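This report refers to the structure that appears directly beneath it.
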Amino acid sequence: MRLLNATTFELALFSDDQIPPYAILSHTWAEEEASFESLSGVGAAAAAGVASRARQPRGWAKITQSCAAARALGLDYIWVDTCCIDKGSSAELSEAINSMFRWYRQASVCIAYLADVFGVDVDGVADGEDTTRRGGSGGGRGVCFKRSRWFTRGWTLQELIAPCEVLFYGADWASLGTRASLRKLIKEATGIPEQLLAAARGGDAAAVDAFSVAQRMSWAAARVTTRPEDVAYCLLGLFDINMPLLYGEGPAKAFKRLQEEIIKSTDDESLYAWRCGPQSLPGRCFWGLLAESPAAFGNYGHLLPVRSRYLSRRRARKTVTVTNRGLTLDLSLTPFPNDRSGTIYLAFLDCDVRREGSTSTLVPAILLQRIAWDSDADFTRIRPDILALSMMNVIVLPDEISLKMGLGPGDQSAAVAEPKAQQISIPHKCTAALPPSGILFDPQVHHTGNMPDQVTVEVTSRSPTWQYFASPTLPNSNELYEINFNLVSVPDVDHLVAPVVFGVLELDISTASADDDGCCLVAGLEPTEPNPFNTQALYFVPWCAFESRRSVVDSSFKHVMDKASRQGREHFVLSHGRRLVATFELDTKYSRLFYRLKISVADGEVVRQRRDRVTAG
Numbered sequence: 016m017r018l019l020n021a022t023t024f025e026l027a028l029f030s031d032d033q034i035p036p037y038a039i040l041s042h043t044w045a046e047e048e049a050s051f052e053s054l055s056g057v058g059a060a061a062a063a064g065v066a067s068r069a070r071q072p073r074g075w076a077k078i079t080q081s082c083a084a085a086r087a088l089g090l091d092y093i094w095v096d097t098c099c100i101d102k103g104s105s106a107e108l109s110e111a112i113n114s115m116f117r118w119y120r121q122a123s124v125c126i127a128y129l130a131d132v133f134g135v136d137v138d139g140v141a142d143g144e145d146t147t148r149r150g151g152s153g154g155g156r157g158v159c160f161k162r163s164r165w166f167t168r169g170w171t172l173q174e175l176i177a178p179c180e181v182l183f184y185g186a187d188w189a190s191l192g193t194r195a196s197l198r199k200l201i202k203e204a205t206g207i208p209e210q211l212l213a214a215a216r217g218g219d220a221a222a223v224d225a226f227s228v229a230q231r232m233s234w235a236a237a238r239v240t241t242r243p244e245d246v247a248y249c250l251l252g253l254f255d256i257n258m259p260l261l262y263g264e265g266p267a268k269a270f271k272r273l274q275e276e277i278i279k280s281t282d283d284e285s286l287y288a289w290r291c292g293p294q295s296l297p298g299r300c301f302w303g304l305l306a307e308s309p310a311a312f313g314n315y316g317h318l319l320p321v322r323s324r325y326l327s328r329r330r331a332r333k334t335v336t337v338t339n340r341g342l343t344l345d346l347s348l349t350p351f352p353n354d355r356s357g358t359i360y361l362a363f364l365d366c367d368v369r370r371e372g373s374t375s376t377l378v379p380a381i382l383l384q385r386i387a388w389d390s391d392a393d394f395t396r397i398r399p400d401i402l403a404l405s406m407m408n409v410i411v412l413p414d415e416i417s418l419k420m421g422l423g424p425g426d427q428s429a430a431v432a433e434p435k436a437q438q439i440s441i442p443h444k445c446t447a448a449l450p451p452s453g454i455l456f457d458p459q460v461h462h463t464g465n466m467p468d469q470v471t472v473e474v475t476s477r478s479p480t481w482q483y484f485a486s487p488t489l490p491n492s493n494e495l496y497e498i499n500f501n502l503v504s505v506p507d508v509d510h511l512v513a514p515v516v517f518g519v520l521e522l523d524i525s526t527a528s529a530d531d532d533g534c535c536l537v538a539g540l541e542p543t544e545p546n547p548f549n550t551q552a553l554y555f556v557p558w559c560a561f562e563s564r565r566s567v568v569d570s571s572f573k574h575v576m577d578k579a580s581r582q583g584r585e586h587f588v589l590s591h592g593r594r595l596v597a598t599f600e601l602d603t604k605y606s607r608l609f610y611r612l613k614i615s616v617a618d619g620e621v622v623r624q625r626r627d628r629v630t631a632g
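Once you know that position 491 of the sequence shown is 506 in the numbering used here, the rest is easy, because the numbers rise by one and skip nothing.
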């Protein structure tokens with residue numbers, strides 16, 4: 016660690032086990048700050064009185080005054096960021112930034128210089144008395160102090176919290192007070208709770224960790240930095256994180272890396288309870304689980320995201336995996352009420368939300384959208400401007416969403432089903448899922464339960480879209496039929512607005528009645544139904560239904576094209592109360608994924624119960 020001698024103005028390098036007591040300066044940078052290069056040859060000359068003040072940078076006065084303040088406090092050394100770091104060395108700069116919180120924490124005292132605040136402005140009254148002696152901060156007191164640029168900068172956040180003691184000085188280097196004595200004004204300016212400001216623990220981890228990740232992030236929400244990536248790097252110490260600095264990666268990537276490192280060190284799910292402003296929504300539907308800047312943690316209003324006070328059933332399952340695509344983690348999910356698409360879910364977070372000063376808490380939930388037909392574990396976040404709040408089975412939503420759900424004006428609550436914990440994946444960036452390569456069908460019939468006789472199916476004719484292959488790899492049949500999506504016109508997901516038919520197979524069923532008009536199996540794709548948030552569909556849904564031969568010949572598909580009337584045609588009535596049921600699953604053929612159209616025989620009662628469950632869902 017490099018320190019500045021407060022008397023000789025010489026820079027001295029100390030190993031970690033030989034660092035003497037020192038003061039540390041916190042300030043906002045201005046033009047012509049005294050740099051490492053400018054001070055390296057100035058020390059001896061300045062001490063001898065040879066150097067001319069006219070040749071010194073404007074920041075030299077700040078150096079001399081802070082050194083004088085350190086000497087007055089009985090300290091021989093001081094650390095100043097402008098001149099104690101060789102910024103020409105990227106390795107030294109990286110080490111300094113990763114060590115800075117510790118350096119401020121280990122300092123005997125922090126000298127906070129507020130260049131835009133004068134002594135008489137601390138409490139707004141020119142009487143020479145500070146806020147502590149006047150008692151309180153009401154009325155116009157502290158206006159200039161609270162508006163100081165020092166409270167708006169990113170780096171000064173850790174410089175306020177880490178030291179065991181902070182002494183504030185105004186533009187004329189008159190004492191303004193201490194962090195403890197000015198804690199009411201500081202709390203009003205920063206949102207940092209008074210109990211943390213009053214604690215002289217020197218950045219004690221227990222004192223800082225008592226506050227949730229989201230609450231700590233909220234203290235940085237309105238702060239700015241000169242270099243874009245520093246919005247993330249200035250928070251390393253606040254979360255006890257060390258990571259490489261990559262200037263040029265951009266603020267969003269830097270902040271994402273910071274959050275990924277935080278995930279490795281804590282199971283605090285308030286990290287996901289961020290909420291962006293409505294101005295961030297236009298032109299964008301889908302979001303990752305991680306915020307893009309600390310500003311996303313500044314939209315809570317009068318609410319505070321805090322650590323949960325009680326045990327969660329997921330407490331033992333809080334393993335988060337950071338992958339190249341995004342995050343894989345366990346969350347408690349429940350379907351969003353009145354969502355006909357079946358794609359929108361509420362994910363409940365293991366943290367609490369409460370009003371400041373209140374003991375009543377609510378559980379926050381974020382909105383997720385399913386992104387794949389074949390997986391109930393892949394989601395993306397939607398509408399991050401909404402942070403739903405729940406108490407038991409009642410969820411509170413904004414008026415905008417309540418009205419879309421059919422609730423009356425002012426009725427902002429809705430009942431939800433019991434959430435279930437499951438492992439899900441959420442990518443950092445979401446795009447519409449790639450569709451499978453096509454649709455496969457083989458005439459093998461799958462039998463369940465005790466059947467009086469076996470049902471066989473034979474394809475007697477097919478539409479031109481179905482291609483026929485002889486496949487000796489099939490267990491009970493060497494016939495395989497395929498609709499290749501490269502050979503038919505498959506619209507993009509966002510352009511598919513109604514069900515389409517892609518192929519028809521005429522079937523000869525061994526147990527069909529003699530007066531049967533012939534059976535055809537129709538297959539196609541359709542969009543998911545609209546969801547309450549009107550976000551873009553991310554996948555289309557395969558559908559199939561049995562239709563009479565006569566209707567197919569007449570090209571009459573009105574019954575199967577309508578989803579409601581199709582439900583009764585997804586099975587074909589056989590003898591002995593049985594049903595021939597057609598369903599889809601995902602299958603792999605020659606390294607490619609396909610929708611596989613599967614037919615099976617089931618008891619009629621089983622089919623009815625299955626249909627009732629689908630209808631109820």
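The C-beta atom is built at its ideal place from N, Cα and C for all residues, glycine as well.
The structure presented is a predicted model; accordingly, all values stated were derived computationally and were not measured.
When DSSP labels each residue in this structure, what does residue 610 get in the three-state scheme? Translated into positions along the sequence shown, residue 610 becomes position 595. Residue state for residue 610 is assigned as strand, using DSSP reduced to three classes.
With a cut-off of 8 Å on the beta carbons, I'd call residue 21 and residue 93 a contact; round off their distance for me. The residue labelled residue 21 in the question sits at position 6 within the sequence shown. The residue labelled residue 93 in the question sits at position 78 within the sequence shown. Under the criterion of beta carbons closer than 8 Å, residue 21 and residue 93 qualify as touching, at roughly 5 Å.
Please state whether the Cβ-Cβ distance between residue 435 and residue 361 is less than 9 Å. In the sequence shown, counting from the first residue as 1, residue 435 sits at position 420. In the sequence shown, counting from the first residue as 1, residue 361 sits at position 346. Against a cut-off of 9 Å, the Cβ pair of residue 361 and residue 435 comes out as no contact.
Please say whether residue 448 and residue 509 have beta carbons closer to each other than 9 Å? Numbered from its first residue, the sequence shown carries residue 509 at position 494. Numbered from its first residue, the sequence shown carries residue 448 at position 433. In this structure, residue 509 keeps its C-beta atom at 9 Å or more from the C-beta atom of residue 448.
Just list the alpha helix (DSSP H) runs in the segment 237-281, keeping only unbroken ones of 4 residues or longer that don't cross its boundaries, in chain order. With a minimum length of 4 residues, the continuous alpha helix (DSSP H) runs that stay inside the segment 237-281 are 245-248, 266-280.
Specify, as a first and last residue, the run of the alpha helix (DSSP H) that residue 7 falls within. Because the chain spans 16 through 632 in this model, residue 7 falls outside it and cannot be assessed.
Start and end of the beta strand (DSSP E) containing residue 429? Taking the sequence shown and counting its residues from 1, the one referred to as residue 429 is at position 414. Residues 428-430.
Ends of the beta strand (DSSP E) at residue 462? Position 447 of the sequence shown holds residue 462. From DSSP, the beta strand (DSSP E) with residue 462 extends over 453-462.
How is the beta strand (DSSP E) around residue 14 delimited, first residue to last? Absent from the structure is residue 14, since the part of the chain shown begins at 16 and ends at 632.
Own chain, CB closer than 6 Å to residue 628, minus 5 neighbours either side, in chain order: Counted from its first residue, the sequence shown places residue 628 at position 613. Bear in mind that a pLDDT of 49 at residue 628, under 50, signals an unreliable position, so the number given afterwards is only what the model happens to contain. The answer is none, since no qualifying residue turns up.
Among 169, 95, 479, 366, which residue has its Cα nearest to the Cα of residue 286? Translated into positions along the sequence shown, residue 286 becomes position 271. Comparing alpha carbon positions, the residue from 169, 95, 479, 366 closest to residue 286 is 366.
My parser needs the beta strand (DSSP E) runs of 3 or more residues fully inside the segment 314-382; what are they? Whole beta strand (DSSP E) segments, 3+ residues: 318-321, 341-350, 359-363, 367-370.
Quick one: Cα of residue 471 to Cα of residue 521, how far? For the purposes of this step, residue 471 is taken as the residue at position 456 of the sequence shown. For the purposes of this step, residue 521 is taken as the residue at position 506 of the sequence shown. Each residue's Cα considered, the two are about 14 Å apart.
Cβ contact check for the segment 589-604 and the segment 566-573: 3 or more pairs under 8 Å: With a cut-off of 8 Å, the segment 566-573 and the segment 589-604 do not count as touching, because too few Cβ pairs lie within range.
How about residue 374 and residue 386: do their beta carbons lie closer than 9 Å? On the sequence shown, residue 374 is found 359 positions in, with the first residue counted as 1. On the sequence shown, residue 386 is found 371 positions in, with the first residue counted as 1. In this structure, residue 386 does not lie closer than 9 Å to residue 374 by Cβ.
Note the first and the last residue of the continuous beta strand (DSSP E) segment covering residue 210. Residue 210 sits at position 195 when you count from the first residue of the sequence shown. Per DSSP, residue 210 belongs to no beta strand (DSSP E); it is in the alpha helix (DSSP H), 209-213.
Looking at the secondary structure, which residues open and close the alpha helix (DSSP H) in which residue 41 lies? Taking the first residue of the sequence shown as position 1, residue 41 is located at position 26. For residue 41, there is no enclosing alpha helix (DSSP H); the residue is found in the beta strand (DSSP E) stretching over 37-41.
Cutting at 6 Å between CB atoms, please list the residues of its own chain near residue 270, excluding the five before and the five after it. In the sequence shown, residue 270 corresponds to position 255, counting from 1. Around residue 270: 247, 308.
Residue 183 to residue 268, Cα distance in whole Å? Numbered from its first residue, the sequence shown carries residue 183 at position 168. Numbered from its first residue, the sequence shown carries residue 268 at position 253. In a straight line, the C-alpha of residue 183 is about 35 Å away from that of residue 268.
Given residue 68, which residues of its chain have a CB within under 6 Å of its CB, disregarding the five upstream and five downstream residues? Taking the first residue of the sequence shown as position 1, residue 68 is located at position 53. Only weak support exists for where residue 68 lies, its pLDDT of 48 falling under 50; the value from the coordinates is given anyway. No residues qualify anywhere along the chain.
For the candidate residues 74, 36, 610, 547, whose alpha-carbon lies nearest to that of residue 352? In the sequence shown, the residue the question calls residue 352 occupies position 337. Measuring from the Cα of residue 352, the nearest candidate turns out to be 547.
Buried or exposed, going by whether 16 or more other CB atoms sit within 10 Å of the CB of residue 432? For the purposes of this step, residue 432 is taken as residue 417 along the sequence shown, with counting starting at 1. Counting of Cβ neighbours within 10 angstroms places residue 432 among the exposed residues, the total staying below 16.
Taking the alpha-carbon positions, what's the residue 253 to residue 178 distance? Residue 253 sits at position 238 when you count from the first residue of the sequence shown. Residue 178 sits at position 163 when you count from the first residue of the sequence shown. Their backbone Cα atoms lie some 12 Å apart in a straight line.
With a cut-off of 8 Å, do at least 3 Cβ pairs link the segment 592-600 to the segment 611-618? Counting C-beta pairs with one atom in each stretch, the segment 592-600 and the segment 611-618 have three or more that are closer than 8 Å, which means they touch.
Give the DSSP-derived three-state secondary structure of residue 499 in the structure shown. Counting from 1 along the sequence shown, the entry for residue 499 is found at position 484. Three-state result, residue 499: strand.
Helix, strand or coil at residue 82 [DSSP, three-state]: By 1-based counting over the sequence shown, the position of residue 82 is 67. For residue 82, the three-state secondary structure derived from DSSP is helix.
Leaving aside the five residues before and after residue 503 along the sequence, list all residues of the same chain whose C-beta is less than 7 Å from its C-beta, in chain order. Along the sequence shown, read from residue 1 onward, the residue named residue 503 stands at position 488. Excluding positions up to five away in sequence, the list reads 480, 517.
Applying the criterion that 16 or more other CB atoms from any shown protein chain within 10 Å of the CB defines a buried residue, is residue 141 buried or exposed? Position 126 of the sequence shown, counted from the start, is the residue given in the question as residue 141. Annotation note: pLDDT 41 at residue 141 (below 50); position unreliable, no value reported.
Which residue marks the beginning of the alpha helix (DSSP H) containing residue 190, and which one marks its end? As a position in the sequence shown, residue 190 is number 175, starting the count at 1. If you look at residue 190, you'll find it isn't in any alpha helix (DSSP H); it sits in the beta strand (DSSP E) that goes 190-193.
Same chain only: Cβ atoms within 6 Å of residue 340, ignoring 5 sequence neighbours per side: Locating residue 340 in the sequence shown gives position 325, counting from the first residue. Excluding positions up to five away in sequence, the list reads 442.
Quick one, which of 538, 496, 552, 477 has its alpha-carbon nearest residue 511's? Stepping through the sequence shown from its first residue, residue 511 is reached at position 496. Measuring from the Cα of residue 511, the nearest candidate turns out to be 552.
Taking the straight line between their C-alpha atoms, what separation do you get for residue 31 and residue 16? Numbered from 1 along the sequence shown, position 16 holds the residue referred to as residue 31. Numbered from 1 along the sequence shown, position 1 holds the residue referred to as residue 16. Going by C-alpha positions, residue 31 is about 7 Å away from residue 16.
Secondary structure at residue 396, three-state DSSP: helix, strand or coil? As a first step, residue 396 must be located in the sequence shown, where it is residue number 381. Of the three classes helix, strand and coil, the one that applies to residue 396 here is strand, per DSSP.
On a Cα-Cα basis, can you pick out the residue from 544, 391, 561, 457 that is closest to residue 555? Here residue 555 is taken as the residue at index 540 of the sequence shown, counted from 1. Measuring C-alpha to C-alpha distances from residue 555 to each of 544, 391, 561, 457 identifies 544 as the nearest.
By DSSP, does residue 121 sit in helix, in strand, or in coil? Within the sequence shown, residue 121 is the residue found at index 106, counting from 1. In the structure shown, residue 121 sits in a helix (DSSP, three-state: H, G or I).
Terminal residues of the beta strand (DSSP E) in which residue 475 lies: Position 460 of the sequence shown, counting from 1, holds the residue named residue 475. That run of the beta strand (DSSP E) goes 472-477.
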